[in-house]
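In terms of the working numbering, the sequence shown is residues 17 to 80. Note that CB positions come from ideal geometry on N, CA and C, so glycine has one too. Written out below as structure tokens is the structure these notes cover.
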Amino acid sequence: MNTLSWIDQLGCPLDPSRPPLRQEGDWLICDSCKMKFPIRDGIPHLVSDEAVPVEDSGANPPQE
Ligand SMILES: [Zn+2]
Numbered sequence: 017m018n019t020l021s022w023i024d025q026l027g028c029p030l031d032p033s034r035p036p037l038r039q040e041g042d043w044l045i046c047d048s049c050k051m052k053f054p055i056r057d058g059i060p061h062l063v064s065d066e067a068v069p070v071e072d073s074g075a076n077p078p079q080e
């Protein structure tokens, strides 16, 4: 297991309300902004320059 429990304390850097992020593989995803941030070598890069739009494929049901 490689759960980064401390990411629960992080928030999206792009939103002043700091919505929570969820981990998916090597990414931290903001469901509010539909953006995701890379995790490299176990270190999340929560900066706008690293943010990548989440592809809205419709394959995944929205999570509450
Ligand atoms: Zn966000």
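Among the options, which one has its Cα closest to the Cα of residue i?
| i | options | result |
| --- | --- | --- |
| residue 34 | 66, 60, 46 | 46 |
| residue 41 | 65, 69, 58, 62 | 58 |
| residue 56 | 44, 37, 27 | 44 |
| residue 39 | 54, 32, 30, 29 | 54 |
| residue 71 | 27, 51, 28 | 51 |
Using the DSSP secondary-structure output, state which residues sit across from residue i in a beta bridge.
| i | result |
| --- | --- |
| residue 60 | 55 |
| residue 69 | 51 |
Would you kindly check if the distance between the Cβ of residue j and the Cβ of residue i is under 7 Å?
| i | j | result |
| --- | --- | --- |
| residue 49 | residue 30 | yes |
Along the chain, where does the beta strand (DSSP E) that runs through residue i open and close?
| i | result |
| --- | --- |
| residue 39 | 38-40 |
| residue 44 | 43-46 |
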